[in-house]
Each structure stands twice: as C-alpha cells, then as structure tokens.
Amino acid sequence: MYYERVLELLAFLDTAQEIDPMEGYRAAETQCKTLSDLKFTYVISCQQYGIQKLQHDACAKEISELMKRYPSLRVAYVDEDEVPRQDSTRKAKKVYYSVLAKASPTGHDQVIYRIKLPGNPILGEGKPENQNHAIIFTRGECLQTIDMNQEHYMEEAFKMRNLLHEFEKRDGARNPSILGVRENIFTGSVSTLAWFMSKQETSFVTLSQRVLAKPLRVRFHYGHPDVFDRLFHLTRGGVSKASKTINLSEDVFGGFNSTLREGNVTYCEYVQVGKGRDVGINQLTLFEAKVANGNGEQTLSRDIYRLGHHFDFFRMLSCYYTTVGFYFSAMITVWALYAFLYGRLYLVLSGIDELLATGESFIHNGPLQISLNSPAFVQLGFLTALPMLMEMCVGDGCGSALREFLHMQLQFASVFFSFSLGTKVHYYGTTLLHGGAQYRATGRGFVVSHVKFAENYRLYCRSHFVKGIELMTLLVVDLIMGQPYRARILYNFITIYMWFLAISWLSAPFIFNPCGFDWQKIVDDWADWRMWMNHRGGIGVPPAKSWVSWWREEQKPLQQCGRRGNIVEFLLAMRFFLCQYGLVYHLDIVKNITNESHNILVYFMSLVIFFTILLIMKAVSAARRHSSARFQRALRLIKGSLFLALLIIVILLMASFGMTALDILLCILAFIQTSRGVLLVAQAISPVFKRLCLWKLVEDLAWGYDSLTGGLLFSAVAILAWFPAVSDFQTRLLFNQAFSRGLHISRILHKTTK
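Here full-length UniProt numbering is used: the sequence shown runs in plain steps of one and ends on residue 754.
Structure, rendered in structure tokens:
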C-alpha cells in the first residue's frame, strides 16, 4: 500500500499553498485521500476466499484483517451458491459469481459487485484464470501485477509517476504495451541456496533483460511485477493465457500474445520491487521443474511457431535462444554426454580402443587432441557462469566479484547448478516425450527444515538418482577397462567433469538438506524409509505413505503418452541391454569356460540367470508378505540358506573356473543395468505385461531396484553422518553464522531436555 501513501503525499505537495505545509498534512487529508482513491486501486485476486470463509479458514481471517487495516483494499473472488433447478427434478445446481468485496465500517465484508457467471470460470490453469477474472474490477489505463511473495519500498513508489510516463514514449511506431520492472531478491542472506538463486536472478533481471529489450527486442513477460497497458490487454485476451496444460507458464504467453498482436514490450531498470525466492532445495527444484515443463509446452505451442515465422532471421534466433533454446541446448549437452560415454563403452568393450591406442595416428596426434578438447573446459563451466560474473563485476567491482565468485564455489555452487541442470533436462525432455505438464505448488514458504530421505527419494529418483547411477556405471567401466587413455591428461580432465556431474546428481539433495548428516535424523529417516517401502498401499493411500502408490502414480505419464512415446522409450531402453551384452563377454570366467568369446548362448545364459534371480526374489517377497508370524523363522532360514548357497557358488566359480573380483564387480554392474532396462521395457509395453499377468512381477522388480538404489544412497549418507564434524560443516555451509549458531544451541537444548 505504499502507492496510496505516496499518492497522498504527492497530492498534498502539489495542491498545498505555501502556508499549508506549516499547518501540517492533516489540513488537506480528506482531499488528498479522495484523489488517491481516484488514481489507485489495489485488488487482491483470491479465488478460494468464498470457500475459505465458509470453512472458517485462517487464511480468510487474515485477508479480512488486511481489509480492515487498509480500507481501500479490495478482494476479488469466485463465489459458489446452490439454487434449485426450475425443472421437475428440483435438484440443486451450482451457480458461480465473480465478487468484489471490501471491509465495511462494522468489520464485516461488504460486497461491492456480484456478477453472475454462466459457469465455473476456472476452466484452464488456475493462476491465469484467477488473474483474468479480476481484471474487470480494476480501473485506469495501467495495471501492475504483484505476486504474493513480493514487497515494495517507499522510495521506489515515488518513481511510479516517472514510470507511467514511459507509456507515452514511442519506440519506433508503437507505444509500450508491457513495461518490465526489475526485481530485488531480499532472501539471499537466509541460506546458501537462496544466495545462489539471488545472484542468478539478479543477473537475469539486470544484464539479461536489458539486452533482451534493446537491442534484441525479444523481451516478453516473465512474471511479476511488470506494468501492463490495461486497455490494450483488455481487448486482447487479458494479461495471461490460461489454456489447460499448454499455458502452464502463463506469464510468458502473455508476452507472446502482446508481441503477436503488435504490442511493444520494453524494460526499465530505475524501479525495482522486492521479491522473496524459495530457500529450500526441494522448493527450488519444484519451481525449476514447473518452468522446464512450461518451456516444453512452449516448444510444442503455436505461439512460438508464429513468432518464429513473423520475426526476421536475427530476431528469430534471439527469440529461440532466450526462450526454449536454453532448455533445448541443455538437453543436447546432456545427450552429448551420454553419447560420449556410450561411445567410449563401445570402443572399450569391442576392443577398438586398444587397437586405436597402439596405432601411429593416435600416438602422434597430441596437438589435434589438445585443440579439440581445450574448448570443453570453457564451454562446460566458464561460459554458463559468465553472465553472473559480469553482473557482479559491474555492480561491485572486479576484485569483489572474483572474491564472491570463489566464495560461491567453496560453498558448492557448482554442485547445485549441476544438479539444477539435471532438473531442467529431465522435466523438459519428459514434457516433450510424454506431455502432461502440470502446475507444481512450491508453497513459497520460509522452509529451512529437514527433509526426510523418503521424500527426497520420491522427488529425485527418476530425475537424478537413476541417471546418476547410470553415469557412474559407465564411468566405472571406462575407468576399469579403458586402460590406454589413463595417461592422457586432457582426457582425464574431461572425465572429471562427468564424474562431478554424476556425483552432484546423487549427492546434492543431501548436501543442501538442513541437518542432512545429523545422526539422530538419519536414524529417524531410516525408520521412515522402511515404513514407506513396506507399506502395501491401496485405494486412497497417497504416494507419500506407500511405495506402491508412488510407483503407480509414476506410471501415469507413460500410460498417457501414446504409441510414439512408448516406442521411443522402448528404443532408449535398449542401451542398457547393449551395456550388459558387452560386460558379459568381458568376464574372465566366460573366457575360461568357452573358447568362442562371442557365442550368443553366453548372452542368453546371462539373461536366464537374471530372470532366475528375479523369480527367487519374487518368491521370497511373496512369502514375506503372505506368510503368518509363525512362519517368519522358517522364512529367515530360507533366506539365509539362499545367501549361503550363493556364497558357495561364487567360491566354487572362483576356485574352478578362474572367476575374479573384477568379474563380480562387472556382474553387479550388468545386473543393475539389466534391471533398469527390463523396467523401462515393461513400462513402455505395459499393456502386454498386464495381459500376460506379469505386471506384479514388474512391480516386485521395481521394488527391489528402488530398495537397492535407496540402500546404496542411504549407506553413503549414513557413513558421512557417523562423523560429527560433517554435520557441523554442512550447517555452516548452508546457513549464515548467526543461524548456524542458533541451530547448534537448539540441538544442545533438545538433547538436554531428553
């Protein structure tokens, strides 16, 4: 409400006589208040306010308190009412109203307008529909959208008069239709992650948007607090588009719509609005997942197609890179990483690698290797951080910027941004392949609490953990069998980036999880993890309570993507079987048993062994679930006997057929890869498995795979949590010194009370 106060003050200074300032502001208060109400209205769009009032929700009480505190505040919401039908059935039907309310002198809500609607106005995405339904209750020529996590400053409100004059400037043949305003992130001091995002956001809202507006002329609407030409957008569909799914990123589609209808989007940096960003890694991941899903839908939309056809060549390239091109390039980068590692896997397992390493052309081409590999150091790391570094240099000076940049690296900024890359690529690629993008509510809360292991696993398993394990498997195979390249320094430097990326995808959720290495938290997380994994699920059980419900929820995108998506998934799953194929033929025991190193029967025998182990696991799992308590001792005896039998078989193979420790490691890696491949194939052709009554077997395999993956990750976290210094270091890494000290004191008091 700073605008109201500033308008009253400016009205007083503009209309007061020389003697009036001496008499005080109260002399002309009524006149200034009236003028302020004519020029400024503040409308909060709360579509659920009517329902919350009926439920006596705390949010409704807080909104009512705001209206009492600020009498000029208005609240727009959708109200529902039930009226009897006029036909013979006399059944009640729902009637919807768009309502504008204010606080009355008696303290109750006073309805100003109540407009009957033909039906439920929330047909598409909730947020843009909520914005557009409230526009009719605003007035004036300009409209500024402010989000609930934003704040203003008194000194910035004084600049609004200058900002509104920007609409009178003509840039070429058009007046501005959207006027961009920069944001100031005020939550940067809360945690390390908030600091990272603050710096990234600052570089985007200053340097990047300045260039997008001029000279590239491809700036669109990226969210609040942009100022709109209200009359322009009222006649062109509103400030945002609200079609279901396709307009998940409703803000940028408002900018697309404005540009396509001959609007002009520009940007002003001399006004800023405060903004609070998410401070927890799960909140940030959900937000980036939503943005990545939205960019996937933009790639498939008609708006981008039309912009590309209407722009000239250079503006088209600028539009591509500043919208969907960034995510598409990130996806190509990760694809190139996979292509490189699978190419190395082929060279190593086929024997071509050894032939190339001993050839003259390879030995004497050192300068060529240097010239090809050196740009990777700059392209993979430095260029992505260059905009943020340049913004800090301009704002704080080069010396301070370098110190701050090094400080960020010491606080694992590279780990976080590498993890963020995996988030963008996974959700963008999933949207392109399967569709079904949906709004992901982050809560915008001040969250610095510990997140349980099971919750982290549910959120990051498919997007990061599975892919990180795949990369680690390929890197381990290359490290073990790619002998000729070990002495190549440049090659080792390139693989370091890949090791770093894989480790970042596996470890970032635990590094940036508050109290993630506290031993008591680890014990509680293990109990919660086992309870979640062993819950049988059922109708009405949410995914947060049962692994079975979560697994079935994960299958919905695959069931809705259509035949083409399933074919692509099937073909992509073949890479795991190719990896297994190569690993099996490099076992020393295979070379000792058969003289034919490439006999196809060896591969089929490996598949038979895999499915035999799978059936044994299925039998044990079924016995564990369905047997009564008195048979549990016998079940434990059977499991112990199976383990001893497996141990005896391994010892016999090592003694009789020359099986080595390397063979055991390669068998484990091949088993992991085959399990993942079978799961992906089964998901891609799930109707076939369900028709053959094999889907329950697939679920058991998935349960075993997730148990193994979660167990490996949890073991690594538990080993680090065994050392108390790790927990203290992590707390100091994540939070500022004052918060870390308070958290340490609270732990001591908690243990004392126990």
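Glycine residues also receive a C-beta, built at the ideal position from the N, C-alpha and C atoms.
Where residue i falls: helix, strand or coil (DSSP)
| i | result |
| --- | --- |
| LEU73 | strand |
| CYS32 | helix |
| VAL378 | Caution applies to VAL378, whose pLDDT of 49 falls short of 50 and renders its modelled position unreliable; the model cannot decide the point. |
| GLN411 | coil |
| VAL451 | coil |
| ASP525 | helix |
| ARG536 | coil |
| GLN55 | coil |
| SER301 | coil |
| MET481 | helix |
| LEU9 | helix |
| CYS515 | coil |
| LYS159 | coil |
| ALA16 | coil |
| TRP703 | helix |
| LEU587 | coil |
| PHE328 | helix |
| ASP312 | coil |
Identity of the residues DSSP links to residue i by a beta bridge
| i | result |
| --- | --- |
| ILE44 | VAL75 |
| LYS290 | Partner(s): none; LYS290 has no beta bridge. |
| PHE735 | SER191 |
| ASP171 | ARG174 |
Residues near residue i in its chain [Cβ-Cβ closer than 7 Å; skip 5 each side]
| i | result |
| --- | --- |
| VAL378 | Only weak support is given to the placement of VAL378: the predicted model assigns it a pLDDT of 49, under 50, and the value that follows is read from those uncertain coordinates. Contacts found: none. |
| CYS59 | GLN52 |
| LYS467 | GLY422, TRP505 |
| PHE220 | VAL252, GLY255, PHE256, THR259, VAL265 |
| TRP703 | TRP547 |
| SER191 | VAL279, VAL448, LEU734, PHE735 |
| LEU114 | In the sequence on display, residue 114 carries Arg and not Leu. Only TYR97, VAL99 meet the Cβ criterion. |
| GLY582 | LEU345, LEU349 |
| THR206 | ARG182, GLU269, GLU391 |
| residue 769 | This structure cannot speak to residue 769, because the chain is shown only from 1 to 754. |
Buried versus exposed, by CB contacts within 10 Å (16 or more), residue i
| i | result |
| --- | --- |
| TRP335 | exposed |
| PRO687 | exposed |
| PHE313 | exposed |
| ASN162 | exposed |
| TYR305 | exposed |
| VAL181 | buried |
| CYS398 | exposed |
| SER36 | buried |
| HIS482 | One point to set straight first is that residue 482 is Gly, not His, in the sequence displayed. Classification for GLY482: buried. |
| LYS199 | buried |
| PHE576 | buried |
| SER727 | buried |
| THR712 | Reading the sequence as shown, one finds Leu at residue 712 and not Thr. LEU712 comes out exposed. |
| VAL83 | exposed |
| HIS586 | buried |
| ALA502 | buried |
| TYR270 | exposed |
| HIS165 | exposed |
| PRO71 | exposed |
| GLU8 | buried |
Spatial neighbours of residue i in its chain, beta-carbon cut-off 6 Å, leaving aside the 5 residues before and after
| i | result |
| --- | --- |
| MET197 | ARG277 |
| GLN555 | none |
| LYS244 | GLY124 |
| VAL425 | ALA330, MET331, VAL334 |
| GLY538 | none |
| VAL415 | SER504, ALA508 |
| TYR321 | none |
Proximity test, residue i beta-carbon vs the ligand PLP heavy atom, cut-off 7 Å
| i | result |
| --- | --- |
| ASN257 | The ligand PLP is not among the ligands present in this structure, which contains no ligands whatsoever. |
Cutoff 8 Å: residue i Cβ touching any chain D Cβ
| i | result |
| --- | --- |
| LEU607 | Among the chains in the structure shown there is no chain D, since it carries only a single protein chain. |
Chain-order list of residues whose beta-carbon lies under 8 Å from that of residue i (same chain, five-residue window excluded)
| i | result |
| --- | --- |
| ARG315 | LEU216, ARG217, VAL218 |
(Q) I'd like the ranges of any beta strand (DSSP E) spanning at least 3 consecutive residues and lying wholly in the stretch 175-225. (A) 178-185
For the stretch 538-585, list the alpha helix (DSSP H) runs that are entirely contained and at least 4 residues long, ordered along the chain.
-> 547-554, 556-560, 563-584
At what residue ranges does the stretch 606-694 contain a whole run of the alpha helix (DSSP H), taking only runs of 4 or more?
-> 632-656, 661-684, 686-691
Q | Whole beta strand (DSSP E) elements within the stretch 68-155, 3-residue minimum | A | 73-84, 92-103, 109-117, 142-144
Extract the residue ranges of the beta strand (DSSP E) inside the stretch 222-289, only unbroken runs of 3 or more that lie entirely within it. 227-229, 265-275
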